[in-house]
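Q: Quick note, the sequences are listed as chains A and B, same order. Oh and the first sequence: position 206 is 206 in this note's numbering, straight run, nothing missing. So the number in this note's numbering is just where the residue sits in the second sequence, counting from 1, plus 324. Ideal Cβ placement from N, Cα and C applies to all residues, glycine included. Structure in structure tokens, see below.
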Amino acid sequence: MSALLEVDELRVRLPTRSGPALVVNGISYAVEPGSVFGVAGESGSGKTMSVLALLGLLPAGALVEGTATYAGRELLSMSKRSLRDIRGREIAMVFQDPMTALHPMMTVGRQLSEHVRHHLGYSRRRALEHAAALLADVRIPDPERALDAYPHHFSGGMRQRIAIAAALACNPKLLVADEPTTALDVTVQAGILHLLDELRRTKNLAVILITHDLGVMSAIADEVLVMYAGRVVEHGPREDVLRRPRHPYTKALIGALPHPESSRATPLVAIPGSPPAVGAYPAGCAFHPRCAYAVASCTTDVPPLLVDGSRSFACPVDPFAGEE
Amino acid sequence: MSRVLELEQVEVVYEQRGRAPVRAVAGASLRVEPGQIVALVGESGCGKSTLARAAVGLVPVRSGSVHFNGHDVQPLGKRARARELVGLQMVFQNPFSSLNPRRTVGAQLVDAMVAAGVRRRVGQREVGSLLDRVGLTPAAADSYPHRFSGGQRQRIAVARALAARPSVIVLDEPLSSLDASAQAQLANLLITLARTEQIGLLLISHDLAIVRYAADSVSVMYLGEIVEEGRAEAMWREPLHPYTQALIAAIPHADGRGEMPEALPGEVPDPARPPSGCRFHPRCPYRFERCDREVPPLLALSDGRTAACWLHDADRSATAPQLKIKRPAATEEKPCRTS
């Protein structure tokens, strides 16, 4: 199967007071239709910037290198106008805070019908019918009535559903979801995850899911890519990466989580220190100051991405070696 | 004198002109003793943050009482806060808005100590050790808040609360905006404060998984009412209220198995118009005829636990469904999965 999106050697530099900072440093991946591609990492790891770059949504002054091929078209060198046509119509985005996507003073019906009138040329009436169907798809009770309501009439979880409905209005093939459930309660989060899972199965929607929550990743992602300080540190099938991580950082991230089956007496193991500030990345492997497995060469040499079958990892040390 | 925070049948009502009054907290009781971490858990809108604010006197209570060390906690007014309440401190959810961006961390900590009656000069000497207690270097005192990550800021906020030498700290969702590792760091810090310094903590959270590690006892809140209380570990293994069960089943686990968490159907109802009978009945998979008619009281069950659910009523009707839960595992080492 050919990939829907292929990203190759993507680099992003953001302007800072001390010059351009390399916030995404050479990441490559492919997303298949109908699959959920997870991008994990702590705040400041570059995970959001790496996808904003694809959509031409980076802050002013950002520099982008590399290629991103979507259905045979190269996104990074595309004109703003062509990119705008793709954005919203073929590639849609959902953010952490649904209120950034929804206009507080416009009815839900108008927000959901505008897209399709603009992109697909629907009449007003047809667009509203379409909007009601979208709301039904994302399980908003009484969609007809919801069309006349404003975003503030809905709870956080319902707003995120409406934001997803708006993103899906033009039947996109790729949905970029940046921390879509982070602000929500676990009960509501579970509902959104079920919804995304259903959409990829019934509509063959591909999803790039950005989250720092490895639990969410475990529930729905097919592949997981872990970022640290702008680089890929580990990438592979979900089960491999989460059950037996090959990079010390991935292992440490999992170790910091409360494990459902361990006894309460087992303390949570935090990763020492804090993630480096954007642009102020340590030399060598950026994770070495916090790494329990670091050796002398880690402080000077950037470890290359090693490939092993369907997995890749940027560390010569196997954190589980000798434990099994 | 015992250094306890005691909330007795607290009721908080928000009124807005032209709208029905909202009973955000509809009669809740809690008790935080020295060295104890008590967690208050529930979905957004359940009233847990309101109860936390009532506990420190930031919102007035309609009925019931809040006592700290035997003193009545009065809502904050124009007069200075009573000296007796200095030992009751609060840490807020957002460490980006709770710290002053234009003053150094050290200056803010000294201010907090001075406000608590410490001499400025003494305070300046103690800043270093205060930062050390929350796992930061004394050099952090000279920096401004923007230099720190979310997790570090939250620890600075804890240091500021500690500046008043509190016996009880109320923390409103201190963990929810943090990455996993920063969350683990802060959770471990809170456990240390309780164990080694005998500080009592009221921890507000929506995440039962992390609460289970940090807290000794847990109260679960739904729509303004406490529906279950008990030891954290026991509740995690064997939730007695269907709502607690749903909260636990909705937590996704990072085990790579690809299992979907269970979604709780429906939405939290409008607290201005709570459902009749048990407030959870419209969303409850176990509801039976009694649930929409009678309000279940907090029933005292075995092991010091309580649950407000008719399924646990001794003389319940024969038609009541059985609560399906996995029994706790026989040993500590091999606990069962809850979901």
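Starting from the beta carbon of G474(B), find every residue of chain A whose beta carbon is closer than 8 Å, and list them in chain order.
A: Within 8 Å Cβ-Cβ: S43.
Q: Measuring only the C-alpha atoms, how far is P645(B) from V94(A)?
A: Each residue's Cα considered, the two are about 41 Å apart.
Q: Looking at the secondary structure, which residues open and close the beta strand (DSSP E) in which L4(A) lies?
A: Neither: L4(A) is in no beta strand (DSSP E) and is coded neither H nor E.
Q: By DSSP, does E332(B) sit in helix, in strand, or in coil?
A: The answer is strand: DSSP assigns E332(B) an E or B state.
Q: Measuring only between beta-carbons, confirm whether Q509(B) sits less than 8 Å from chain A.
A: Judged by the 8 Å Cβ criterion, Q509(B) is in contact with chain A.
Q: Please determine, among I523(B), V551(B) and A558(B), the residue with the shortest C-alpha to C-alpha distance to V535(B).
A: Out of I523(B), V551(B) and A558(B), A558(B) has the C-alpha closest to the C-alpha of V535(B).
Q: Beta-carbon within less than 6 Å of A314(A)'s beta-carbon, same chain only, minus the 5 sequence neighbours each way: which residues are those?
A: Result list for A314(A): V233, P303 and L305, in chain order.
Q: Please report the straight-line C-alpha distance between L502(B) and R126(A), rounded to a whole angstrom.
A: Distance between the alpha carbons of L502(B) and R126(A) is about 44 Å.
Q: Ignore the nearest five residues each way along the sequence and tell me which others in V23(A)'s own chain have a CB closer than 8 Å to its CB.
A: Closer than 8 Å at the Cβ level, and outside the excluded window around V23(A), lie V12, R13, L14, G46, M49, G230, V278 and G279.
Q: Considering only the beta carbon of each residue, do E223(A) and G236(A) sit closer than 8 Å?
A: Contact flag set, yes.
Q: Going by beta carbon distance, what residues of the same chain come within less than 7 Å of H119(A), once the five residues before and after it are set aside?
A: Taken in chain order, the residues that qualify are G88, R89 and C170.
Q: For the region 202-229 of chain A, list every residue whose C-beta sits within 8 Å of some C-beta in chain B, in sequence order.
A: Cβ contacts with chain B come from H212, D213, L214, G215, V216, M217, S218, A219 and I220.
Q: How many Å lie between P180(A) and A30(A) at the Cα?
A: Their backbone Cα atoms lie some 21 Å apart in a straight line.
Q: Would you check if there are 3 or more beta carbon pairs closer than 8 Å linking the region 606-615 of chain B to the region 266-278 of chain A?
A: The region 606-615 of chain B vs the region 266-278 of chain A: no contact.
Q: Straight-line CA distance for I162(A) to A481(B)?
A: Each residue's alpha carbon lies about 35 Å from the other.
Q: Alpha carbon to alpha carbon, how far is R139(A) from A131(A)? Give it in angstroms, no decimals.
A: Each residue's Cα considered, the two are about 12 Å apart.
Q: Less than 8 Å between the C-beta atoms of P598(B) and L547(B), yes or no?
A: Contact: yes.
Q: Report, in whole angstroms, the separation of the C-beta atoms of E497(B) and S529(B), which I expect to be a contact under 8 Å.
A: Right, the Cβ-Cβ distance comes to about 6 Å (below 8 Å), so this counts as a contact.
Q: Does M545(B) get closer than 8 Å to chain A when you measure Cβ to Cβ?
A: Answer no: the Cβ-Cβ gap between M545(B) and chain A never drops below 8 Å.
Q: Residues of chain A with CB under 7 Å from M584(B), in chain order?
A: What M584(B) touches in chain A: L193, H194, D197 and A219.
Q: R347(B): which of L329(B), V383(B), I361(B) and E357(B) sits nearest, CA to CA?
A: The shortest C-alpha separation from R347(B) is found at V383(B).
Q: Ordered along the chain, which non-local residues of its own chain (more than five positions away) have a Cβ less than 8 Å from that of H470(B)?
A: Closer than 8 Å at the Cβ level, and outside the excluded window around H470(B), lie P425.
Q: Using a Cβ cut-off of 8 Å (strictly closer), state whether P621(B) contacts chain A.
A: With 8 Å as the cut-off, P621(B) does not count as an interface residue toward chain A.
Q: For A270(A) and chain B, any beta-carbon pair shorter than 8 Å?
A: Yes, A270(A) lies at the interface with chain B (some Cβ there is under 8 Å from its Cβ).
Q: Suppose you measure from the CA of L622(B) to the CA of V337(B); what does that come to, to the nearest Å?
A: The straight-line gap from Cα to Cα measures roughly 21 Å.
Q: Hey, quick one: how far does the beta strand (DSSP E) through E223(A) stretch, first residue to last?
A: That run of the beta strand (DSSP E) goes E223 to Y228.
Q: Exposed or buried, what is S325(A) when buried is set at 16 or more other beta-carbons lying within 10 Å of its beta-carbon?
A: In the structure as shown, chain A starts at 1 and stops at 324, and residue 325(A) therefore has no counterpart that could be examined.
Q: Could you check whether the Cβ of M158(A) sits closer than 8 Å to any Cβ belonging to chain B?
A: Yes - at least one Cβ of chain B is within 8 Å of the one on M158(A).
Q: DSSP puts Q413(B) in a beta bridge; with which residues?
A: DSSP, once it has assigned bridges, lists I493(B) as partnering Q413(B).
Q: According to the neighbour-count rule (16 or more other Cβ atoms, all chains shown, within 10 Å of its Cβ), is S310(A) buried or exposed?
A: Its Cβ having fewer than 16 others within 10 Å, S310(A) is exposed.
Q: Please check if any C-beta of chain B sits within less than 8 Å of the C-beta of V3(A).
A: Looking at the sequence provided, one finds Ala at residue 3(A) rather than Val. It does not: the Cβ of A3(A) has no partner Cβ on chain B nearer than 8 Å.
Q: From the beta carbon of V492(B), is the nearest beta carbon of chain A less than 8 Å away?
A: No, because no Cβ of chain A sits closer than 8 Å to the Cβ of V492(B).
Q: Return the CA-CA distance between R124(A) and T107(A), expressed in angstroms with no decimal places.
A: Their Cα atoms are separated by approximately 14 Å.
Q: Between the region 563-570 of chain B and the region 200-220 of chain A, do at least 3 Cβ pairs fall closer than 8 Å?
A: No: the two stretches stay apart, fewer than three of their Cβ pairs being nearer than 8 Å.
Q: Does the pairing of the region 243-254 of chain A with the region 53-68 of chain A give three or more beta-carbon distances under 8 Å?
A: In short, these stretches do not touch, since the Cβ pair count stays below three.
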